[in-house]
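Data first, discussion second: the structure below is written as structure tokens.
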Ligand SMILES: [Zn+2]
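Residue numbers (the numbering used here): 3 to 554.
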């Protein structure tokens, strides 16, 4: 009898069974500790860890990450599933950790889409010894451990009850932790929206589910016209049109020298013969609203994300009229507005004089544009999507030799800088945009013998710079301050363009004091490119009243 009891005790000690809750707690802690160096690296870069409050916030957010990970792990800790799903999870998390640590990427739905659309040769070119070491250390070894591990499951009823209980406790604890520092969380996540896309493995589980569900319920994009074509007047031009549309980022109108700002932030544009409109209002207060709205026929009053995503926009109409469209992006993306035209992601090019490890300055948008233009005949529109004045790290938006106003705020934690330092950094971004736009205009001038050239610049939204203690942008539109909604907007037209299109620029200059909005962009661009279609509304075309000939 005593022999059999001691044998049983020995046997239990060897097998070391783990309950499902202990298993989930242990695995989630393992994920937090070993797969999230990018996440914590960013947190330490954003939070002042030398202050007590900073330390408490970091501890709080670490616990929240652990609890959220525990919730997800707990839900998928099921008999049979564990030994198949967890090795996949570990190996994927190992790859994700490698790409985040090495390339600073964050994981979102479009990234999953890119991965799904990547072919083998591209995957092969990403392989290297470091990736293999990550996969062995963080993927294969923990997977082997899991496969060998003995997890004890209770009855179906007791397992379900245990999951409900512990998930509820973890969820309430998360809420309590977040509520205890709600102000800090609110300002932190407003400034660092991307941080959740660094939480491994939550980021790729969420992005994967998001990709799977949106792919299954793919939105059908409907055309908004079927009649777009170049007008007979446009066809009769002796030269094709070369049109640049610069989509600005976070530039606010009242910080432009040409709009009467006390500082000379636009010395070069002031020398160009631009037609400047100082009273222009944006459609939204953040990129994800303003950019799709600018290119949509809906206008501010009818705009919604789902409506805009389910129908074609300005660039489709132009493309249907036979005009070549190229979107060059130095921002996060074109927000769906260029999905059916040529797109070039310029922000990760490795051009030493224009790019650093993290990003490229906006001049990259003009890189080898000569060759691009030469490769396609006929009229064309090139959209240049700037990084512009995107904050809070304004000081990173321009090269060091373009730092004009000093001293500048050199941190993305604006609350640690004086108001003057924040404004100096922001104004330097506007001065750099002035330099960039001037270069774009000068480049267009070199094409005047081949093309009638024109340029429009319009920012997506403005920015708060400490007025009423508000910073950045993205306030709900109805309560957003004017600083977030008033955007710079101007036209530059070459003499040949004006002549070919019978435009009276004096008339245009007389109209510049009128109030306009981003709703005018769609129709003004169609008019400027002589695109004839039923969706064109002449009343919203800013140039129409100053065009002598009746083109339609
Ligand atoms: Zn924006």
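Ideal placement from N, C-alpha and C gives every residue a C-beta, glycine not left out.
Rounded distance between the beta-carbons of residue j and residue i, thought under 8 Å
i: residue 141; j: residue 96; result: 4 Å
i: residue 277; j: residue 386; result: Going by Cβ atoms, the distance from residue 277 to residue 386 rounds to 19 Å, so no, they are not a contact pair.
i: residue 41; j: residue 201; result: 6 Å
i: residue 462; j: residue 250; result: 6 Å
i: residue 382; j: residue 325; result: 6 Å
i: residue 535; j: residue 227; result: 5 Å
i: residue 71; j: residue 30; result: 4 Å
i: residue 510; j: residue 545; result: 7 Å
i: residue 321; j: residue 343; result: 6 Å
i: residue 255; j: residue 464; result: 7 Å
i: residue 529; j: residue 538; result: 7 Å
i: residue 474; j: residue 193; result: 7 Å
i: residue 455; j: residue 244; result: 5 Å
Three-state class that DSSP yields for residue i in the structure shown
i: residue 330; result: strand
i: residue 47; result: helix
i: residue 492; result: strand
i: residue 509; result: helix
i: residue 266; result: coil
i: residue 250; result: strand
i: residue 544; result: coil
i: residue 26; result: helix
i: residue 534; result: strand
i: residue 21; result: strand
i: residue 94; result: helix
i: residue 221; result: coil
i: residue 123; result: For residue 123, the pLDDT reaches just 41, beneath the cut-off of 50, and the residue's location in the model is therefore unreliable, although a value from the coordinates is still provided. Note: residue 123 maps to helix in three-state DSSP.
i: residue 473; result: strand
i: residue 177; result: helix
i: residue 479; result: helix
i: residue 577; result: Outside the shown range of the chain, which is 3 to 554, sits residue 577, and nothing can be said about it.
i: residue 193; result: helix
i: residue 241; result: coil
i: residue 39; result: helix
i: residue 467; result: strand
i: residue 153; result: strand
i: residue 146; result: helix
i: residue 276; result: strand
i: residue 523; result: helix
i: residue 10; result: Unreliable placement is indicated for residue 10, whose pLDDT of 48 sits below 50; the coordinate value is still reported in the next sentence. Note: residue 10 maps to helix in three-state DSSP.
i: residue 232; result: strand
i: residue 550; result: coil
i: residue 282; result: strand
i: residue 382; result: strand
beta-carbon residue i near ligand 1 non-hydrogen atom, thresh 7 Å
i: residue 485; result: no
i: residue 292; result: yes
i: residue 361; result: no
i: residue 251; result: yes
i: residue 288; result: yes
i: residue 257; result: no
i: residue 463; result: yes
Residue i vs residue j beta-carbon contact at 8 Å
i: residue 49; j: residue 36; result: no
i: residue 353; j: residue 366; result: yes
i: residue 301; j: residue 543; result: no
i: residue 197; j: residue 187; result: no
i: residue 426; j: residue 401; result: no
i: residue 446; j: residue 496; result: yes
i: residue 206; j: residue 148; result: no
i: residue 348; j: residue 360; result: no
i: residue 489; j: residue 282; result: yes
i: residue 567; j: residue 389; result: Outside the displayed range of the chain (3 to 554) lies residue 567, so it cannot be described from this structure.
i: residue 260; j: residue 252; result: no
i: residue 437; j: residue 232; result: no
i: residue 21; j: residue 160; result: no
i: residue 293; j: residue 362; result: no
i: residue 224; j: residue 314; result: yes
i: residue 168; j: residue 23; result: yes
i: residue 556; j: residue 485; result: Beyond the ends of the chain as shown, which are 3 and 554, falls residue 556; an answer cannot be given.
Interface flag, residue i vs chain B, CB-CB below 8 Å
i: residue 137; result: This model lacks chain B altogether, as it is built from one protein chain only.
**OP:** With a floor of 4 residues, list each alpha helix (DSSP H) that falls wholly inside the stretch 384-464, ordered by position along the chain.
**Re:** Runs found: 421-447.
**OP:** May I have a chain-ordered list of the beta strand (DSSP E) segments no shorter than 3 residues that lie completely inside the stretch 294-364?
**Re:** Qualifying beta strand (DSSP E) stretches, in chain order: 326-331 and 344-347.
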